[in-house]
Structures are given as structure tokens and as C-alpha cells.
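**Q** Chains X and L supply the protein sequences, listed in that same order.
Reading the first sequence from the start, the letters are residues 1 to 304 in my numbering.
Reading the second sequence from the start, the letters are residues 1001 to 1304 in my numbering.
Where a beta carbon is used, it is the ideal one built from N, C-alpha and C, also for glycine.
Dropping a structure here in C-alpha cells format, bear with me for questions.
Number of protein chains: 2
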Amino acid sequence: MIQTLEALRDAVKGQGSKTLAVAAAGDAEVLLAVDMARRLGIASAILVGDEEKIRTIAAQRHIPLEAYRLIPEADPVQACRTAVKLVRDGEADVVMKGLVDTSVILKAVLDKEIGLRKGPVLSHVALFQVAGYDRLFYVTDVAMNIAPDLETKKHIIRNAVGVAHALGNPDPIVACLCAVEKVNPKMPATLEAAALVEACKAGELPGCRVVGPLALDNAVSPEAARHKGIQDPLAGHADVLLVPNIETGNVFYKSLVFLARAKNAGVIVGAKAPVVLTSRADSDEAKLNSIALALMISASNLPR
Amino acid sequence: MIQTLEALRDAVKGQGSKTLAVAAAGDAEVLLAVDMARRLGIASAILVGDEEKIRTIAAQRHIPLEAYRLIPEADPVQACRTAVKLVRDGEADVVMKGLVDTSVILKAVLDKEIGLRKGPVLSHVALFQVAGYDRLFYVTDVAMNIAPDLETKKHIIRNAVGVAHALGNPDPIVACLCAVEKVNPKMPATLEAAALVEACKAGELPGCRVVGPLALDNAVSPEAARHKGIQDPLAGHADVLLVPNIETGNVFYKSLVFLARAKNAGVIVGAKAPVVLTSRADSDEAKLNSIALALMISASNLPR
């Protein structure tokens, strides 16, 4: 079971060459991340985008373009479609976003004709390595689903559980985070947490165990759970942390990275192949981790 | 301007004796916190509660009851009313919750006849001291208001700004935290953030400056704000962090204390005197800090 981001990068290196399809690759930050992944033996890449822009950046940043296949496509919409098709046709393993709006690349991913649509919900899964904890936390969804309803939350859990499986955790514990540990009808998130526990017991969420509602401390620390008198033996042992809404997720994500100095990775899952979206605010290491995470997921024997 | 929790405790010590009115004081953890505050010269206390219970705990925990005034009152509802009346009559400065439900003590605080009602909204303000930052963050509301509407958010801001003023910050910067930095009609918190900025410009939120919507990193780090291309000069310099809902606040609070190892304090404000509610999960230092925070607020020359 992979429980550090370093182990994740090593596992991907050990799998042999994997390929990124970079959509609208004419972005210096993205090209630098891709080239770092290549130099470290994590991935090769096919660059789809504005050839002149890519060549200019490569010259300025000393990126050896001869190490890459380049598909000229100046139009960002077409570049996204081409990158997605490369994955669909088995020429690449993962789609990576370059200089194009997220909505454009996701539209190509979800395209009925050339896309990679699988389940009904795409969601973001973030991985965090926090000092003092012996395991990775999977936090979802901190970036994509704004205010998911109960059915959407089930898909978000399934997507995250698939990621945990890909990293060798066969039975992750999913905690439904809330502000309190008891069901309170004034807090809809607590009602949905209880419903998700029931859904898991009823077999709707295979390959995981679900606990909640829990506050964050009782989800990750057995000592805190004991202190609060929580009986559920899963409390304190969560791997996956389901946040009730995007504000909770985003503030949690930012507090982990910027205030708790956690290391991280992130990926969009729910399609037939994962999608990497790095942001300028990501550290170089976080960008590499995200590429490695996506490749690890694509390599797993999950049913596509 | 007080910018560390140690400075806060020192400032309260420097003010001379202040008094807590402890409601339903027959709780070992609460009595130990109160006695620690007494020994450190932060506060004395009047203990209202079940005399036998208080005497038993005091004997077991070596708490010198002769240092306290004790008002026997076995009924928790009456104990809350008595403690509130002590503050109202000027015999004590702050109400502190003992072994009684929060709802019971707040009912006494809000009682029209004997209570301390002032504005229309009570709210929780948490103070955090985070390693690497040179100032205290005021986070609100992580514990009381579940899903505040725009008008309630205005009161929550006013309450938190009053706390910042009490700690010597005459013009705190309030950031309205969201998942993104741009107004997005699909995310109501961003619309309300923009409305709060306008309300401040219109004079509805005096004694502060409001900025938002901002993600957490752009609220607290000028470098992150620059990196994201945010023009507002207030971005990155927030003192007060307004969270959009209780889940965001509670997960943020727990991640700061349990994952970022921040030091903290908390208090309920909005009444004529602050209310201290410590929890078993608080460290001894956090309990002391909360008592000091409440006493600092009660001592400030805020209009009551």
C-alpha cells in the first residue's frame, strides 16, 4: 500500500514508461513540470498545441523538444480534443491541461463521440501527506463539485475509493466530515453523512467502509475520537475525507498546504482516464506528484 | 496591538483582577482551567453550581476552594441564570460554561429580563496563532452560526471586528473566504462576499476593511495573492477570516489545531459580555487563552 508521495513517485518509475497527452502545451509552467517528470523517469509526453509558442518556450527554458512528440494544433479546443483522442486510442495514458480553461478540457473529456466518459460524475481527489501521520489522506472534492447532493456524494466516494484502490489500499475508510459528530437536522451534511453510512452498509459503495458524521479531529485521530466518547471503531482511522461542500474542501486544502505545510497531489477522476490540472500555485513537487498520481491510477487494473 | 496569545495573557494579567462567573461549575476540567487562570494571576472566579459536586472535585483535584466565592445552585438552568446575573450586576466580568448544555447557558444570556442581550446575533470568534505568521488570525464563525445569510454575516463581522478592536487593532482587514477569488453565481458565498465588500464601502461595517471573495492562501499570503494576479492591495493581509458556513469553519479550525499545530483561543461574542465555552478537546493552554480573550474583551471600552 502506497502511504507516502515519495513511494508514489517511485512506484510510477518502476512501472516503465507512461505517456502524458498535454492539451494546449504552450505554457511555460506546464512544460517545465512535464520536462521534470521526463528527467526523473516518471513519464514521457506528447505535446499538443501552438507549435511556435511551444518552440519559443522550449528555447527559453532549455527544454529539449527532441525528447517529445509534438502535434501542432493552435486552436485550444481542437488541442484538447486531440489530446483526449490520444488517450482514447491508447497512445497516451493521461490527459494533462496546458494553457486552456478547465471547462474546455473537461468538455473534450466528456464528449460523447471522442471523449472518455465513464460514470456520471467527474470529481477531484487531492492527496495530502501531513507531518505526524503515517498515511496519506485522500480529500474530496476540494475543487470541482460545488454543493454535491447525496447521489453525487456517492459518486465522489466511488471515484476516491477507486484512487485508493489504485494505490494499493483495498478497503479504505471514508469519513464524512461535518462540523459535529452527531446527526443534527439543522445541518444537512450530518443527515447525508448518516445516509452515506447506510448506503455503504446496503452495498451501494463497495470496496470501502464509511463513517460519519465526524469532525475532522475525530476522523483522523483515534485519540481525539476516544476523548470525545465516539464508539465507532472506524473513527480516527479515516483514509478518505469527504467534505460536504467546495468551500470546506478548498479552505481545508489551502490550510493543509499553506499553513500545515503538507505535501500534496491532485487529479480529476471519474472518466476512463485521469486528468491532471496543475495550478501555478502548486509547488514543483506538487506538480510532479499530481502527474505521478494520475499515471498510477491509469496503470491500475481498475475497470475502465 | 496584541499579536500573540502570550501577549494576550500578559495584557490581561496587567489589568488587575477580573472575575469569571462559572455556571454549573461542577466539572473537573472546567474547575482545573479556572484554577490555573487563578494561579497565573489572570482571573478569579465565582463558582455557581452543585456544592457537593464542586467540593468533591476540589478535594480530588487539590483545588483550594477557599480562594473562591461559591454560590450553591444544584439546578443547571438556575445556575446559568445566576451566573449571568452576576455579570449583569457588575460582580463578574465574563460568563463561563461548566457542566451544562451550551443551549441552556445561551438561553440565560439572551433572556430578556435577566440576560445580557445586545445585538441580534451571537457568534463565535476563534483566534489562531500559526507558525510563520506575524499576526493573529480571527476566524469566524466556526462553531455557532450554521449557514448565515448576508445580514447575519454582517453581524458576525461586526462582532469579530469588536474583538479585534479590543485587542488593539483599530482597523482590521476582513477577508470573506470562498473556494475561488472571482464572483461566480453558482457559488452563493462569492456573491455574498462581493455584497459584504460593498456594505463596508457604504458604511455598514465601520472600523474595518473588507476584501473578497478570496481563497485562503490569497487572504493570508501577499505572495500567493500576487502569484494569482489579484489586484486588491488588502489581499494577503487579512486579520479576520469570515468563513461562509460552519462546516468550512469547523474543518478549518480543526486542521489548524490538529494538523498545523496552531495555538488558539475562542469566545462567544455579541452579548453585553463575552461567554467562554471551553471543550474537553481544548488543550490547557487553549482554555487559558480563551479565558484571557474573554477578559480582554470585557475590559475593552467597547460600547456595551
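(1) For the segment 1160-1240 of chain L, list the beta strand (DSSP E) runs that are entirely contained and at least 3 residues long, ordered along the chain.
(2) How would you list, in chain order, the residues of chain X whose beta-carbon sits under 8 Å from the beta-carbon of L/Arg-1209?
(3) Between X/Ala-294 and X/Glu-113, what straight-line distance do the alpha-carbon atoms span, to the nearest angstrom?
(4) X/Leu-234: which of X/Asp-171, X/Asp-75 and X/Val-275 sits nearest, CA to CA?
(5) In the DSSP assignment, find the beta strand (DSSP E) that holds L/Arg-1069 and state where it starts and stops.
(6) List, in order along the chain, the chain X residues whose C-beta lies closer than 7 Å to that of L/Ala-1189?
(7) Which residues does DSSP list as the beta-bridge partners of X/Lys-263?
(8) Less than 7 Å between the C-beta atoms of L/Phe-1258 and X/Val-251, yes or no?
(9) Closer than 7 Å by beta-carbon distance: list the chain X residues that pair up with L/Lys-1186, in chain order.
(10) Is there a Cβ from chain L that is less than 7 Å from the Cβ of X/Ser-255?
(11) Can you grab the Cα-Cα spacing for the pair L/Glu-1223 / L/Arg-1280, in whole Å?
(12) What is the C-beta distance between L/Lys-1263 and L/Glu-1285, in whole angstroms, given that I count them as a contact (C-beta under 8 Å)?
(13) L/Pro-1244 touches chain X at which residues, Cβ-Cβ below 7 Å?
(14) Would X/His-124 and X/Ala-147 be called neighbours here (beta carbons separated by less than 7 Å)?
(15) Among X/Lys-53, X/Ala-179, X/Leu-288 and X/His-165, which one has its Cα closest to the Cα of X/Arg-209?
(16) Report yes if the CB atom of L/Ile-1063 is closer than 7 Å to the CB atom of L/Asp-1093, and no otherwise.
(17) For X/Ala-179, would you say it is in contact with chain L, using Cβ-to-Cβ distances shorter than 7 Å as the test?
(18) What distance in whole Å lies between the Cβ atoms of L/Ile-1105 and L/Ala-1023, which are believed to be in contact at a cut-off of 8 Å?
(19) State the Cα-Cα distance for the pair L/Leu-1205 and L/Gly-1212, rounded to the nearest angstrom.
(20) Between the alpha carbons of X/Gly-168 and X/Ile-2, how many angstroms are there, rounded?
(21) What in chain L is Cβ-close to X/Leu-127, meaning under 9 Å?
(22) Taking only the alpha-carbon atoms, compute the straight-line gap between X/Glu-6 and X/Asp-111 and give it to the nearest angstrom.
(23) I need the DSSP call for L/Ala-1045, collapsed to helix, strand or coil.
(24) Using a cut-off of 7 Å between C-beta atoms, extract the partners of L/Ala-1260 located in chain X.
(25) Do you know how far the Cα of X/Pro-76 is from the Cα of X/Thr-56?
(26) Below 8 Å between beta carbons is the criterion; list the residues of the segment 1213-1241 of chain L that meet it against any residue of chain X, in chain order.
(27) Under the three-state reduction of DSSP, which class applies to L/Leu-1031: helix, strand or coil?
(28) Check L/Ser-1123 in the structure and name its three-state DSSP category.
(29) So who's on the other strand from X/Thr-19, going by DSSP bridges?
(30) In chain order, what residues of the same chain have a beta carbon less than 8 Å from the beta carbon of X/Ala-194, not counting five sequence neighbours either side?
(31) Classify L/Arg-1304: buried if its beta carbon has 16 or more other beta carbons within 10 angstroms, exposed otherwise.
(32) Out of X/Leu-122, X/Ile-173, X/Glu-73 and X/Ala-43, which one is the CA nearest neighbour of X/Val-240?
(33) Should X/Arg-9 go down as buried or exposed, given a rule of 16 or more other Cβ atoms within 10 Å for buried?
(34) Using a Cβ cut-off of 8 Å, pull out every chain L residue sitting near X/Arg-280, in sequence order please.
(35) Tell me the residue span of the beta strand (DSSP E) that contains L/Thr-1140.
(36) Taking buried to mean at least 16 other C-beta atoms within 10 Å of its own C-beta, is X/Arg-158 buried or exposed?
**A** Based on what the coordinates show:
(1) Runs of the beta strand (DSSP E) inside the segment 1160-1240 of chain L: 1173-1177 and 1209-1214.
(2) Per Cβ cutoff of 8 Å: no residues; L/Arg-1209 is ~21 Å from chain X at best.
(3) Within the model, the alpha-carbon separation for X/Ala-294 versus X/Glu-113 is close to 23 Å.
(4) X/Asp-171
(5) 1069-1072
(6) Glu-247
(7) X/Gln-129
(8) No; because the gap between Cβ atoms is not below 7 Å, this pair is not in contact.
(9) Near L/Lys-1186 (Cβ distances below 7 Å), the residues of chain X are Ile-146.
(10) yes
(11) Straight-line spacing of the CA atoms in L/Glu-1223 and L/Arg-1280 works out to 37 Å.
(12) Between L/Glu-1285 and L/Lys-1263 the Cβ distance is about 7 Å, and since that is below 8 Å, they are a contact.
(13) Glu-247
(14) no
(15) X/His-165
(16) no
(17) yes
(18) Right, the Cβ-Cβ distance comes to about 5 Å (below 8 Å), so this counts as a contact.
(19) 14 Å
(20) The straight-line gap from Cα to Cα measures roughly 6 Å.
(21) Ordered by position in chain L, no residue passes the 9 Å Cβ test against X/Leu-127, which lies about 14 Å from the chain.
(22) 34 Å
(23) strand
(24) Ser-255, Leu-259 and Ala-260
(25) 17 Å
(26) Ala-1215, Leu-1216, Asp-1217, Val-1220, Ser-1221, Ala-1224, His-1227 and Lys-1228
(27) helix
(28) Strand.
(29) X/Ser-44
(30) Closer than 8 Å at the Cβ level, and outside the excluded window around X/Ala-194, lie Val-183, Gly-212 and Pro-213.
(31) Low local confidence applies: a pLDDT of 39 at L/Arg-1304 is under 50, so the model's placement there is unreliable, with the coordinate-based value given in what follows. Label assigned to L/Arg-1304: exposed.
(32) X/Ile-173
(33) buried
(34) His-1227 and Lys-1228
(35) 1136-1140
(36) buried
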